[in-house]
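Asker: Take the sequence shown: its position 1, counted from the start at 1, is 1 in full-length UniProt numbering, and no numbers get skipped.
The beta carbon of each residue, even a glycine, is placed where N, CA and C say it ideally should be.
Every value quoted in this text rests on a predicted model; they were computed, and no experiment measured them.
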Amino acid sequence: MIIDNNNNNNNNNNNNNNNNNNNNNEDNKKIESSINEYSNINSNSNSNSNSNSNSNANANAKVETELLNLSTDVITLGLTGDDIALSEYMYTGKSEKGTRTHLLKIVTSKDVVFLFETMGLEDNEHLYNINECLKSSTHNPLKQQLNIHIPLEASSILSSQQLRQVIVMCPSRTRLWNWKLFYSIEQHGISISTLFHKCKDAEESLLLVKDTNCHVFGAFIDTTWTCTTNYRGSVDCFVWKFAHKKNNNNNNNNNNNNNNNENTLSVYKSSGIQPYFIRSDFSSITVGAGEGPAIYLDSDLNLGRTAKCPTFDSPPLTSDNFTVLALEIFGVE
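(1) From Ser-155 to Trp-177, what distance separates their C-alpha atoms?
(2) In angstroms, rounded to a whole number, what distance separates the CA positions of residue 334 and Gln-162?
(3) Candidates Glu-122, Leu-206, Asn-263, Leu-158: which alpha carbon is nearest Gly-331's?
(4) Measure the Cβ-Cβ separation of Gly-218 and Trp-240 and say whether it is below 7 Å.
(5) Is there a Cβ of chain D sitting closer than 7 Å to that of Ser-155, yes or no?
(6) Do Ile-192 and Ser-299 have their CB atoms nearer than 7 Å?
(7) With DSSP as the reference, identify every bridge partner of Asp-300, one or two as the case may be.
(8) Tell me which residues share the same chain as Glu-203 and place their Cβ nearer than 6 Å to its Cβ, disregarding the 5 neighbours each side in the sequence.
(9) If you pair each beta-carbon of the segment 299-319 with each one of the segment 283-290, do three or more pairs fall below 8 Å?
(10) Does the beta-carbon of Asn-129 have 16 or more other beta-carbons within 10 angstroms, so that it is buried, or is it exposed?
(11) Can you check whether the CB of Ile-329 is closer than 7 Å to the CB of Cys-199?
(12) By how many angstroms is the C-alpha of Thr-318 removed from the C-alpha of Arg-305?
(13) According to DSSP, simplified to helix, strand and coil, what is Ile-221?
(14) Assuming Phe-277 is part of the beta strand (DSSP E), what are its boundary residues?
(15) Would you mind giving the Cβ-Cβ distance between Ser-284 and Tyr-296, rounded to the nearest angstrom? I have them listed as a contact below 8 Å.
(16) Take Thr-194 as the anchor and find which of Asp-123, Met-90, Asp-222, Thr-226 has the nearest alpha-carbon.
(17) Is the distance from the Cβ of Asn-302 to the Cβ of Val-267 below 7 Å?
(18) How far does the beta strand (DSSP E) with Lys-308 in it reach, from first residue to last?
(19) How many whole angstroms separate the CB atoms of Asn-131 and Leu-104, which I take to be in contact at a CB cut-off of 8 Å?
(20) Using 8 Å for Cβ pairs, my map puts Ile-157 next to Ala-294. What's the rounded Cβ distance?
(21) Run the CB neighbour count on Ile-190, radius 10 Å, all protein chains shown included, and call it buried at 16 or more, exposed below.
(22) How many angstroms separate the CA atom of Leu-152 from the CA atom of Trp-179?
(23) Between Asp-211 and Glu-122, what straight-line distance do the alpha-carbon atoms span, to the nearest angstrom?
(24) Should residue 417 go down as buried or exposed, given a rule of 16 or more other Cβ atoms within 10 Å for buried?
(25) Just to check my reading of the structure: Phe-277 and Ser-314 have Cβ atoms closer than 8 Å, yes? What is that Cβ distance to the nearest angstrom?
(26) Are Cys-170 and Phe-114 closer than 7 Å when you measure CB to CB?
(27) If we ignore side chains and look at the alpha-carbon of each, how far apart do Gly-120 and Tyr-89 end up?
(28) What does a CB cutoff of less than 8 Å around Phe-238 pick up in its chain, not counting 5 residues either side in sequence?
(29) Please return the same chain residues whose Cβ sits closer than 6 Å to the Cβ of Thr-264, not counting the five positions on each side in sequence.
(30) Looking only at its own chain, which residues have a Cβ that is under 6 Å from the Cβ of Ser-184, when we skip the five neighbours before and after it?
(31) Going by C-alpha to C-alpha distance, which of Arg-175, Tyr-231, Gln-187, Cys-214 sits closest to Glu-333?
(32) Residues in the same chain with beta-carbon distance under 6 Å from Phe-322, minus the five sequence neighbours each way, listed in chain order, please.
(33) Got a sec? Which residues, its chain only, sit under 8 Å from Asn-213 by beta carbon, not counting five neighbours each side?
(34) Between Asn-124, Glu-186, Tyr-231, Leu-181, which lies nearest to Gln-274 when the distance is taken from Cα to Cα?
(35) Using a threshold of 7 Å, state whether the C-beta atoms of Asp-222 and Asp-201 are closer than that.
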């Protein structure tokens, strides 16, 4: 990856020449030079007393992105800060930090996903510096990226637009992977054991519920669906609901207003107290706890209840006691 700042070209070229003199691996010379330029810009901005001006310079810089595995191919594309919709930096594997694989995923405003993969202390450090520079050159707020194309299977509970609205509220990392329908009462039958089996590989997922009064609500769960009596999950978990569409016989203008209200999403995130995010076993599923659960489902996935929940500082998401009409779980793979 290369940041090209016209005001600093001479300095950057000098830094690159110094780095190239110390680079013993001729096969990776071009890659190392490109990545070191990122590192030099980042370190220079840290040592410069006027850090604000450097941040502004980086924010306006042109970014040329290499889609690469440092040990294999290099494909170079031109991107600007406005082209980058979102990015996510992560580790994979269970080895020590220095030897595990580091991944940087980038989604552009044109729905293209780029993967940067490194392994090894030096390369991982370079990739981290690249990520820091990307963050300074990206202007678009993540929550405004409803236009990002996310391939989705059809839901019997939410429209495609509604489902995207909920996904946008999930942690940004979840928008860098494919979403799929893991479980549906309509497709797989009413069985909590089937739910656990179908969702065993869904490490992060959305629970969608529609009751017999046509209220639609659910939760984002950032842990696997396993049978255990322990509460689990993290502060990334949240519950949500859409405004209920009321029946009326008014004119078309009122009908249009109701359609808009139906798409009004309310999200309730962790309050920081009562951190009882998700508990699931063969007897029930409970999301949130304290004075009452945000969502409780019985073993038959038929009856449920909801209450004001301290975990998310959320009101009842539907009637206190409800009957399930439809239930789905979408997850990332």
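Answerer: Concretely, from the data shown:
(1) Spanning the two alpha carbons is a distance of roughly 18 Å.
(2) Here the chain has residues from 1 to 333 only, and residue 334 is not among them.
(3) For the set Glu-122, Leu-206, Asn-263, Leu-158, the Cα lying nearest the Cα of Gly-331 is the one of Leu-206.
(4) Contact flag set, yes.
(5) Given the protein chain composition of this structure (a single chain), no chain D is represented.
(6) Yes.
(7) The partner list for Asp-300 (beta bridge, DSSP) is empty, contrary to what the question assumes.
(8) The residues are Thr-224.
(9) Flag = yes, the segment 299-319 and the segment 283-290 touch.
(10) The residue in question, Asn-129, is buried, as its Cβ has 16 or more Cβ neighbours within 10 Å.
(11) Their beta carbons are under 7 Å apart, which means Cys-199 touches Ile-329 by this criterion.
(12) Cα to Cα, the separation comes out at about 8 Å.
(13) Correct three-state label for Ile-221: strand.
(14) Run containing Phe-277: none; DSSP gives neither H nor E here.
(15) Contact check for Ser-284 and Tyr-296: beta-carbon distance about 6 Å, within the 8 Å limit, so the pair qualifies.
(16) Of the candidates Asp-123, Met-90, Asp-222, Thr-226, the one whose C-alpha sits nearest the C-alpha of Thr-194 is Thr-226.
(17) Cβ atoms of Asn-302 and Val-267: not closer than 7 Å.
(18) No beta strand (DSSP E) holds Lys-308; DSSP gives it neither H nor E.
(19) Going by Cβ atoms, the distance from Asn-131 to Leu-104 rounds to 5 Å, so yes, they are a contact pair.
(20) Actually they are not in contact, since the Cβ atoms of Ile-157 and Ala-294 sit about 17 Å apart, beyond 8 Å.
(21) Ile-190 should be labelled exposed.
(22) Those two C-alpha atoms are separated by around 6 Å.
(23) Cα-Cα distance, rounded: 54 Å.
(24) The shown model of the chain, from 1 to 333, leaves out residue 417, and the question about it has no answer.
(25) In fact, because the Cβ distance is near 12 Å, the residues do not count as touching under 8 Å.
(26) No, the Cβ-Cβ distance between Cys-170 and Phe-114 is not below 7 Å.
(27) Distance between the alpha carbons of Gly-120 and Tyr-89: 16 Å.
(28) If we look at Phe-238 and ignore the five residues flanking it on each side, its Cβ neighbours are Met-169, Ala-219, Phe-220, Val-267, Tyr-268, Lys-269, Ser-270, Phe-312.
(29) Counting only residues of its own chain and dropping the five nearest sequence neighbours on each side, Thr-264 has a CB closer than 6 Å to the CB of Ala-243.
(30) Excluding residues within five positions, the ones whose Cβ falls inside 6 Å are Glu-328.
(31) For the options Arg-175, Tyr-231, Gln-187, Cys-214, the alpha carbon positioned closest to that of Glu-333 is the one of Arg-175.
(32) Sequence-distant Cβ neighbours of Phe-322 in its own chain, meaning closer than 6 Å and more than five residues away, are Asp-211, Gly-304.
(33) Short of 8 Å from the beta carbon of Asn-213, and not among the five residues preceding or following it, lie these beta carbons of its own chain, in chain order: His-244, Thr-318, Ser-319, Phe-322.
(34) Nearest C-alpha to Gln-274: Tyr-231.
(35) No.
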